[in-house]
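Heads up, the thing below is written out as structure tokens.
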Amino acid sequence: MQGDGEVLFLGGVGEVTVTLGHDGLSFLPLHPELGSSCLSSIGLLPKLENKIKFSDVYAVELLDEGPVCGPWNTRIVVQSKKNSEVIAFLLVVLQSSFSVVCVKSFYSFLAKCIIKVLSHAMFYARVLFKKLLLMQMHRFAVHVITRSRKHPSQLVPCEYLFGHKDPETCKSWVEHLSACINNEQDRPKNLMVFVHPLCGKGRGCKNWEMVAPLFDRAKVNTKVIITERAGHAYDTLASISDKELKKFDGVVAVGGDGLFNEILNGLLNLRNKTSYPPTPEGFGYFGSTEKCQGYRNDGLNNSTPTSDAVKNVMLRVGSNKSDDHEPLLSTGQSVGLDISSLNPNTESSTGDQVPSVSFPNDWFRLGIIPSGSTDAIVLSTTGERDAVTSALLIIFGRRIALDIAQVVRWKSSPSAEVLPTVRYAASFAGYGFYGEVIRESENYRWMGPARYDFSGTMVFLKHRSYDAKVAFLENENSHSLAASAENVADEVQPLQSRRKRSRKTICLANCSVCKETSTPGQNSEDEIPNSSQTIHDNPKWIWSEGRFLSVGAAVISCRNERAPDGLVAEAHLSDGFLHLLLIRDCPLPLYLWHLTQFTKKGSDPLTFKFVEHHKTQAFTFISSHDESVWNLDGELFQACEVSVQACRGLVNLFASGPEV
Numbered sequence: 001m002q003g004d005g006e007v008l009f010l011g012g013v014g015e016v017t018v019t020l021g022h023d024g025l026s027f028l029p030l031h032p033e034l035g036s037s038c039l040s041s042i043g044l045l046p047k048l049e050n051k052i053k054f055s056d057v058y059a060v061e062l063l064d065e066g067p068v069c070g071p072w073n074t075r076i077v078v079q080s081k082k083n084s085e086v087i088a089f090l091l092v093v094l095q096s097s098f099s100v101v102c103v104k105s106f107y108s109f110l111a112k113c114i115i116k117v118l119s120h121a122m123f124y125a126r127v128l129f130k131k132l133l134l135m136q137m138h139r140f141a142v143h144v145i146t147r148s149r150k151h152p153s154q155l156v157p158c159e160y161l162f163g164h165k166d167p168e169t170c171k172s173w174v175e176h177l178s179a180c181i182n183n184e185q186d187r188p189k190n191l192m193v194f195v196h197p198l199c200g201k202g203r204g205c206k207n208w209e210m211v212a213p214l215f216d217r218a219k220v221n222t223k224v225i226i227t228e229r230a231g232h233a234y235d236t237l238a239s240i241s242d243k244e245l246k247k248f249d250g251v252v253a254v255g256g257d258g259l260f261n262e263i264l265n266g267l268l269n270l271r272n273k274t275s276y277p278p279t280p281e282g283f284g285y286f287g288s289t290e291k292c293q294g295y296r297n298d299g300l301n302n303s304t305p306t307s308d309a310v311k312n313v314m315l316r317v318g319s320n321k322s323d324d325h326e327p328l329l330s331t332g333q334s335v336g337l338d339i340s341s342l343n344p345n346t347e348s349s350t351g352d353q354v355p356s357v358s359f360p361n362d363w364f365r366l367g368i369i370p371s372g373s374t375d376a377i378v379l380s381t382t383g384e385r386d387a388v389t390s391a392l393l394i395i396f397g398r399r400i401a402l403d404i405a406q407v408v409r410w411k412s413s414p415s416a417e418v419l420p421t422v423r424y425a426a427s428f429a430g431y432g433f434y435g436e437v438i439r440e441s442e443n444y445r446w447m448g449p450a451r452y453d454f455s456g457t458m459v460f461l462k463h464r465s466y467d468a469k470v471a472f473l474e475n476e477n478s479h480s481l482a483a484s485a486e487n488v489a490d491e492v493q494p495l496q497s498r499r500k501r502s503r504k505t506i507c508l509a510n511c512s513v514c515k516e517t518s519t520p521g522q523n524s525e526d527e528i529p530n531s532s533q534t535i536h537d538n539p540k541w542i543w544s545e546g547r548f549l550s551v552g553a554a555v556i557s558c559r560n561e562r563a564p565d566g567l568v569a570e571a572h573l574s575d576g577f578l579h580l581l582l583i584r585d586c587p588l589p590l591y592l593w594h595l596t597q598f599t600k601k602g603s604d605p606l607t608f609k610f611v612e613h614h615k616t617q618a619f620t621f622i623s624s625h626d627e628s629v630w631n632l633d634g635e636l637f638q639a640c641e642v643s644v645q646a647c648r649g650l651v652n653l654f655a656s657g658p659e660v
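Just so you know, this note's numbering puts 288 at position 288 of the sequence shown, and the rest follows in order with no gaps.
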């Protein structure tokens, strides 16, 4: 196979000399004049390449003996098609002429005989033509990918069909190529797949049926679970033992952002060892009452529970009925405390038992096959809302680190008991307008994805604002774009109230910003990451209070079909920052103008004077009412006091970043 190569038959080209190299295989046609224009059997390839890289091969398949398309010339085929069309036209003319002129005569019978003879002649000519083109051989297929010309981020599966008279030769090539592909270390072998059957008007099951053959062809084992209720994926992953979880290379969600949020929280619930977010001086309950004496402050108010606090919190969870209605928060596990002893399924790392699973780690990844209503996470991390592209990225084992927002709720309502509850969000956390749209849309699920447009219009017309206080950590490397309530009130010419901002650095594949700030594998499974390590010693907290239409924090750009650039175009996937968006109360027409800017590619909706945009690592939100709810990746979360921080590169995703 190496050296001078071996002669094989390539479909559509003819005989080629194939040589196996260290990074792929190359081939040269023995008769290039015959196959130079033939690409028929290489599906969807815009141009015949004479080299196949192993990094582009997702499967090698040994096929049964069958036909292989031989070399042919485009001119002959085009001419034969024209001849066929001419003969067919003449047959119709003859039939019409004889039918009209020779009705009820001997010539009518003669005409039918002539037409029948010509028809049989055409049939046997086509059969002979096919036999000349198709040759019976033993075959094997090399499945590769190429990129779409119109959509650079979209991956398209293609096939090279090789043939040989000796079946052992084909078998030998398949074994060698399979061994070379298996040397790719990042490719998954075993995956757990959750399929949401009802998301996106039933697209979940349809999309999985479409991409499942790709996983079978690539010999990736999949354990498929069809979700039966809200919280099914969360409960499964929160209760699975670490020994069982280590059998898989990752978990895949066939659904929308909501299903991915369930999977994320189920995995991180008791496996994330990050401490609570930092809080400003004067905020928090630690040391102020007997109920919270067990908590200690490790500088910057990074709150870590002690052993006494663990017992106290668990007793409160068991003795008080939870006021949460979210399916993810219906059990005592939702306290999110960092202790493996609370999880009966967590094995100790001593002896012969399996070490516990923690995040971040290098080996475990998450994937999404888009089937939801918006699919913002997929669009922001791959650039395409395409099920086949996402499936191929998973099969190839592409890897990219992803920031996660840790949201700690201290109180669900002003009168509620202080009880820290941890949730995680991969794309966005929003209050006010963002939360009300999700809550309103729950009443119109029968409308499908259109419910968001309808609910958004209803909430927009209500034009409600909410009293709140927000404190955020100042970022010394960037300048916050802030406005005060007085500036908005004194604005006389709102059409001239837009600011100019510095040039945006968009997060794309091989992003230099993410590489500088996030290094894959910087934490081992046994290390406890501390987000405070990335925060400077003397943090400066900035307070902003007043009436807000919405308060939101974007972890990633949040691209979607309604907002092609996303909520924050310059947000990066793994830079360790949140983009805090504070939309102050303003006249309804101005707010409409602001919202419509999101729908225009290349526009900047964050330059209005009533919009505050802060790039920060952590923030705290306080409200004296419970009029609204939080929206975490499309899931509802009732809270009036929260603290949020960006956990840099907390999980790895089967993705490579958008190309454009």
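Beta carbons are placed, not taken as given, at the ideal position from N, Cα and C, and that holds for glycine.
Ends of the beta strand (DSSP E) at VAL193?
190-195
Q. Which word fits HIS625, buried or exposed, when buried means at least 16 other C-beta atoms lie within 10 angstroms of its C-beta?
A. exposed
Can you check the region 379-415 for any beta strand (DSSP E) of at least 3 residues that lies completely inside it and give the ranges in chain order?
-> 400-411
- Once you ignore the five residues that flank ASP166 on each side, which residues in its own chain have a CB closer than 8 Å to its CB? HIS138
Inset, instruction - Decide if the region 590-602 is in contact with the region 547-564; the criterion is three or more beta carbon pairs, one per stretch, under 8 Å apart. - result: yes
First and last residue of the uninterrupted alpha helix (DSSP H) at HIS572:
Counting along the chain, HIS572 falls outside any alpha helix (DSSP H), and DSSP gives it neither H nor E.
(message) Check for me: the alpha helix (DSSP H) holding ALA238 runs from which residue to which?
(response) 232-239
With a threshold of 16 other CB atoms inside 10 Å of the CB of ASP23, please say whether the residue is buried or exposed. exposed
For VAL651, three-class secondary structure by DSSP: strand
Which residues in the same chain have their Cβ closer than 8 Å to the Cβ of GLU527, if we skip the five residues on either side of it in sequence? Summary for GLU527: the model assigns pLDDT 41, below 50, so the residue's position carries little reliability, and this model does not support an answer.
Outcome for ILE114 when other beta-carbon atoms lying within 10 angstroms are tallied against a minimum of 16:
exposed
Residue closest to PHE283, alpha-carbon to alpha-carbon, out of PHE428, LYS201, PRO213, TRP543 | TRP543
Unbroken beta strand (DSSP E) run spanning HIS614, endpoints: 611-616
Item to check | Beta carbon of THR17 nearer than 8 Å to that of LEU25 | outcome: no
- Spatial neighbours of CYS558 within its chain, please: CB distance less than 8 Å, with the 5 preceding and 5 following residues excluded, ordered by chain position. ALA376, SER380, SER427, PHE428, GLY566, LEU567, VAL568, ALA571
_Comparing C-alpha positions only, which one of GLY456, ASP585, LYS615 sits nearest to LYS609?_
ASP585
Worksheet item: Are ASP249 and TRP363 close, meaning C-beta to C-beta below 8 Å?
Response: yes
Host alpha helix (DSSP H) of PHE260 (start-end) = 257-268
- prompt: If you count every other CB in all the chains shown that lies within 10 Å of the CB of GLN644, and 16 or more means buried, which is it?
  reply: As written in the sequence, residue 644 is Val, which differs from the Gln given in the question. Label assigned to VAL644: buried.
From GLY287 to GLU417, what distance separates their C-alpha atoms?
Here GLY287 scores only 31 on pLDDT, less than 50, and its place in the model is too uncertain to base an answer on.
Q | Exposure of TRP72, with buried meaning 16 or more beta-carbon neighbours within 10 Å | A | Any answer about TRP72 is weak, because its pLDDT of 44 lies below 50 and its placement is not dependable; what the coordinates show is given next. Buried: at least 16 other Cβ atoms inside 10 Å.
**Item:** Per DSSP, cross-strand counterpart(s) of SER550
**Value:** GLY432, ILE583
What span of residues does the beta strand (DSSP E) with HIS164 cover, start to end? 155-164
For LEU20, which residues does DSSP report across the bridge?
LEU25
- Query: CYS180 lies in the beta strand (DSSP E); which residues open and close that run?
  - Reply: CYS180 -> not in any beta strand (DSSP E); alpha helix (DSSP H) instead, spanning 167-182.
On the three-state DSSP scale, how would you describe ALA509?
coil
Check: Looking at the structure shown, is GLN597 part of a helix, part of a strand, or coil, going by DSSP?
Finding: helix
How far does the alpha helix (DSSP H) with TYR667 in it reach, from first residue to last?
Examination of residue 667 is not possible in this model, given that the chain is present from 1 through 660 alone.
* Look up GLY250 in the DSSP assignment and give the residues it is bridged to. => LEU191, ARG365
To the nearest angstrom, how far is the alpha carbon of ARG187 from that of HIS463? 49 Å
Determine the contact status of ALA230 and PHE194, defining contact as a CB-CB distance below 8 Å.
no
Note to self: For LYS201 and VAL437, I'd like the C-alpha separation in whole angstroms.
What the structure shows: 19 Å
- Message: If I measure Cβ to Cβ from ALA618 and keep anything under 6 Å in the same chain, skipping five residues before and after, which residues do I get?
- Response: PRO277, PRO278, LEU473, GLN645
Going by beta-carbon coordinates alone, are ARG204 and PHE9 separated by less than 8 Å? Note that residue 204 is Gly in the sequence shown, not Arg. Not in contact: GLY204 and PHE9 (Cβ atoms no closer than 8 Å).
Please report the distance separating the alpha-carbon of GLU442 from that of HIS614. 31 Å
Residues bridged to TYR424 (per DSSP): GLN406
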